[in-house]
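Chemist: The letter at position 176 of the sequence shown is residue 176 when you use this note's numbering, and the numbering goes up by one with no holes.
For every residue, glycine included, the Cβ atom is placed at its ideal position computed from N, Cα and C.
Treat the numbers as computed from the prediction; the structure is a model and nothing was measured.
Okay, handing you the structure first.
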Amino acid sequence: MIFRQLFDSDSATYTYLLGDAVRREAVIVDPVREQAQRDLAVLRDLGLKLVYILETHVHADHVTGAKALKAQTGAAAGVSQHCGASGFDRLLDDGELIVFGDQVLRAIGTPGHTPGSTCYLWRDRLLTGDTLLIGGCGRTDFQLGDAGTLYDSITGRLFTLPDDTLVYPGHDYQGRWVSTIGQEKRTNPRLVNVSRQQFIEMMRNLELPHPKKIAEAIPANLRKGSA
Ligand SMILES: [Fe+2]
1 MIFRQLFDSD
11 SATYTYLLGD
21 AVRREAVIVD
31 PVREQAQRDL
41 AVLRDLGLKL
51 VYILETHVHA
61 DHVTGAKALK
71 AQTGAAAGVS
81 QHCGASGFDR
91 LLDDGELIVF
101 GDQVLRAIGT
111 PGHTPGSTCY
121 LWRDRLLTGD
131 TLLIGGCGRT
141 DFQLGDAGTL
151 YDSITGRLFT
161 LPDDTLVYPG
171 HDYQGRWVST
181 IGQEKRTNPR
191 LVNVSRQQFI
201 EMMRNLELPH
211 PKKIAEAIPA
221 NLRKGSA
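In structure tokens:
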């Protein structure tokens, strides 16, 4: 197996590259527009053919690199059918399988941060987007976010996976790269000994500033990164 975790420092976004070592097909998850040349170089260096470009959701903080990567590689772009997005080749639903080489990635519908938020499970690793962050979770105060739904997705869908499952988030602002389901169950301050109602209250009172690129990013990402 081939696995790379790439970072965009401007938006603190992680992009993931998953490859089949034998058949040399690859999937990229949550590419960033400004990093498209880097991503293409990594694919070239590893001798991989990109077959899918997937989004964990419609991002508010960066524009997806899907358009540029598709133009260069011909890979199919996919996002949840519950995002309200257009221009993608594949609209995914909970439980759908994405095949690359002899590898299979499973989409897990985890609405809450946004209605279309999706995690991707590949072997022992889970790409959580903004649904579950290391020691945190995605905000729910815009893009039709819903704190109660997010709580249900995290506790009902993600925390029921094996404790050893590796958690690879969509962002980290403190230089952390990876966690596990067991570690988040035991230490995530948003969730440890927090009831659904307490979680809803906590999320209501976060008072976070809006991401600086929100006005550009959401409309562009609803169209696969087109301006
Ligand atoms: Fe997000």
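1. Grab the span of the alpha helix (DSSP H) containing Y151 for me, first residue to last.
2. Return the CA-CA distance between G136 and G47, expressed in angstroms with no decimal places.
3. Assign P111 to buried or exposed, taking buried as 16 or more other Cβ atoms, counted over all protein chains shown, within 10 Å of its Cβ.
4. For G65, which residues of its own chain have a beta-carbon under 7 Å away from its beta-carbon, when the five flanking residues on both sides are left out?
5. Mind listing which residues have their beta carbon within less than 6 Å of any non-hydrogen atom of ligand 1? Chain order is fine.
6. DSSP three-state label for E96, please.
7. So, using beta-carbon positions, are A60 and I214 closer together than 7 Å?
8. Under the rule that 16 or more other beta-carbon atoms within 10 Å means buried, what is S117, buried or exposed?
9. So, does the stretch 144 to 163 touch the stretch 185 to 201, judging by three or more C-beta pairs under 8 Å?
10. One question on the structure: do L127 and V29 come within less than 7 Å of each other, judged by their Cβ atoms?
11. Nearest CA to the CA of L105: which residue from P219, V63, R44, G78?
12. State buried or exposed for H171, treating a residue as buried only when at least 16 other CB atoms are found within 10 Å of its CB.
Modeler: Result, derived from the coordinates:
1. 147 to 153
2. 35 Å
3. buried
4. P31, V32, R33, Q35, A36, D39, G225
5. H57, H59, A60, H113, D130, G138
6. coil
7. yes
8. buried
9. yes
10. yes
11. G78
12. buried
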